[in-house]
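What follows is a set of notes on a single structure, which appears directly below.
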Amino acid sequence: MQQTRTFKDKFFLVLKGLAMGAANKVPGVSGGVVAFVVGFYEEFIYSLQKVNGKAFFLLLKGRWHSLYRYINGKFLGLLMLGMIISYFSVSKILDFLIEHYELYVWATFFGMIIGSIYYIGKDFRLKSVKNLIFIFIGIVAGVGISLLEPATENDNLWFVFFCGIIGVSGMTLPGLSGSFILILIGNYVLLLVDSVNALFDTITDLVKLDFSFTENSERIRLLQVLSSFTAGSVVGLVTLSHLLGYVLKHYKNTTYAVIIGFITGSLGVVWPWKEKIFKKNISGEILRDANGNAVLDNYDRYIPTIQDSSTWIAIFFIIIGILIVIGLERYGNKNSTSHE
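Structural data, given as structure tokens:
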């Protein structure tokens with residue numbers, strides 16, 4: 021499974037990690053779709069699957085080099101580096117774009133998912149009745165999740181650990197947005213905004229040799245929440261990868277059929293024309309987090325009017341999104357050919 025990679029390959033692998041990290045943070049978008057489209061999904065799953073008993077044995081024996089090679093460390097390391105950078109850079113830019121150009125950002129994502137469905141399904145045998153049934157099941161599951169009502173925030177550390185397992189699902193299951201699931205669970209702002217900001221502020225304080233944050237109970241609570249969430253994410257990555265590795269090996273066509281359906285069903289989540297619905301208290305006032313940001317509850321989707329110029333601009337960005345996927349597909353095919 022491991023490949024000899026050039027510097028260019030390594031650079032692009034970090035960029036792919038950036039894309040996955042940014043996608044995972046956006047509600048409705050799945051980092052797994054990025055992995056699927058760019059062509060490293062199976063290597064990603066099988067590499068994570070190597071985090072097993074043998075890897076633990078190598079770790080205990082201190083055989084670092086053997087462990088690094090066994091788990092495809094170069095691949096996972098570069099990918100994770102890109103994801104980490106993304107959470108403190110690209111995702112910030114994405115937050116800015118969503119705040120100021122929300123319709124066009126969602127339109128681009130919508131186009132990318134349409135392109136992803138084409139990419140995954142173009143070589144798939146849709147005429148098989150069995151495959152059509154599993155595609156339908158995937159569509160129903162995707163639509164069903166998009167219609168669920170969000171819950172309220174819960175910072176219990178065991179529940180947060182469970183959120184980590186669920187939230188990381190978007191990295192391993194194409195079409196399932198971990199961020200959107202966190203909105204439904206009620207912990208999106210707590211886990212992907214407040215706790216991440218707390219970590220960033222803490223790192224900044226440490227660089228300045230300022231340890232006053234240790235007396236800030238709210239900061240400490242958020243760091244504990246982030247630690248529990250991270251632990252759950254690691255457990256989720258490893259356990260889900262073993263499950264997916266098994267089904268990909270024994271039920272590949274069925275798995276792909278469900279993924280195609282699930283991604284199709286998730287189109288409703290990333291429908292560009294929608295308005296935010298914010299959580300309110302009993303008095304009707306919009307609830308805000310510790311940073312003063314309005315807490316998102318869900319989205320109200322609507323059909324656009326063709327008379328509105330923004331509709332045509334959004335359609336243009338949908339086409340751009342499709343072309344991005346086609347471009348990534350061609351790059352992936354060219355890259356795979358160069359390694360043969």
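Per my numbering, the sequence shown runs over residues 21 to 360. C-beta atoms are modelled at their ideal positions from N, C-alpha and C, and glycine is treated no differently.
Residue i versus residue j: straight-line alpha-carbon distance, rounded
| i | j | result |
| --- | --- | --- |
| Met100 | Phe77 | 23 Å |
| Ile186 | Ile201 | 7 Å |
| Asp175 | Ile203 | 14 Å |
| Glu63 | Ile342 | 24 Å |
| Phe233 | Val216 | 15 Å |
| Leu260 | Phe282 | 17 Å |
| Ala75 | Phe336 | 48 Å |
| Leu79 | Ser253 | 20 Å |
| Leu246 | Leu211 | 7 Å |
| Ser148 | Gly285 | 20 Å |
| Leu117 | Lys296 | 15 Å |
| His262 | Lys269 | 11 Å |
| Gly265 | Lys70 | 10 Å |
| Lys72 | Asp320 | Per the sequence shown, the amino acid found at residue 72 is Asn instead of Lys. One C-alpha to the other measures close to 43 Å. |
| His120 | Tyr208 | 20 Å |
| Glu173 | Arg89 | 41 Å |
| Leu167 | Glu235 | 42 Å |
| Trp126 | Arg83 | 46 Å |
| Phe220 | Asn273 | 42 Å |
| Lys30 | Ser237 | 41 Å |
| Ser330 | Phe298 | 24 Å |
| Glu305 | Val180 | 27 Å |
| Leu177 | Ala251 | 11 Å |
| Gly347 | Asp328 | 29 Å |
| Tyr61 | Arg308 | 37 Å |
| Tyr322 | Glu122 | 15 Å |
| His85 | Ser109 | 31 Å |
Residue i versus the options, residue with shortest Cα-Cα distance
| i | options | result |
| --- | --- | --- |
| Ile205 | Thr222, Ile91, Gly184, Asp214 | Gly184 |
| Thr192 | Ile91, Gly304, Thr274, Leu257 | Leu257 |
| Leu287 | Ile240, Gly162, Ile153, Gly37 | Gly162 |
| Val53 | Tyr138, Ser248, His120 | Tyr138 |
| Ser189 | Ala334, Ser329, Gly102, Phe249 | Phe249 |
| Ile340 | Val71, Tyr90, Ser136 | Ser136 |
| Ala334 | Ala277, Leu98, Thr128, Gly73 | Thr128 |
| Ala277 | Ile118, Ile153, Gly82, Leu79 | Ile153 |
| Ile65 | Tyr88, Val267, Ser197 | Val267 |
| Ile134 | His270, Phe27, Val290, Tyr88 | Val290 |
| Ser197 | Thr224, Asn207, Phe220, Ile165 | Ile165 |
| Trp332 | Tyr124, Phe60, Glu119, Leu87 | Tyr124 |
| Phe27 | Leu98, Trp84, Phe182 | Leu98 |
| Tyr271 | Ile302, Asn151, Phe298 | Asn151 |
| Thr275 | Ile91, Ile155, Tyr90, Trp126 | Ile155 |
Residue i vs residue j beta-carbon contact at 7 Å
| i | j | result |
| --- | --- | --- |
| Pro292 | Phe130 | yes |
| Ala42 | Leu114 | yes |
| Leu96 | Ser67 | yes |
| Gly93 | Val34 | no |
| Ser199 | Lys45 | yes |
| Val345 | Met40 | no |
| Asp214 | Leu242 | yes |
| Val58 | Lys36 | yes |
CB-CB length for residue i against residue j, believed under 8 Å
| i | j | result |
| --- | --- | --- |
| Gly141 | Ile280 | 5 Å |
| Leu387 | Ile91 | An answer regarding residue 387 cannot be provided, because it is not within the stretch 21 to 360 covered by the chain. |
| Arg239 | Thr222 | 7 Å |
(message) Tell me whether the segment 223 to 231 and the segment 153 to 162 touch, counting them as touching only if at least three CB pairs, one residue from each stretch, are closer than 8 Å.
(response) Result no; under three Cβ-Cβ pairs closer than 8 Å.
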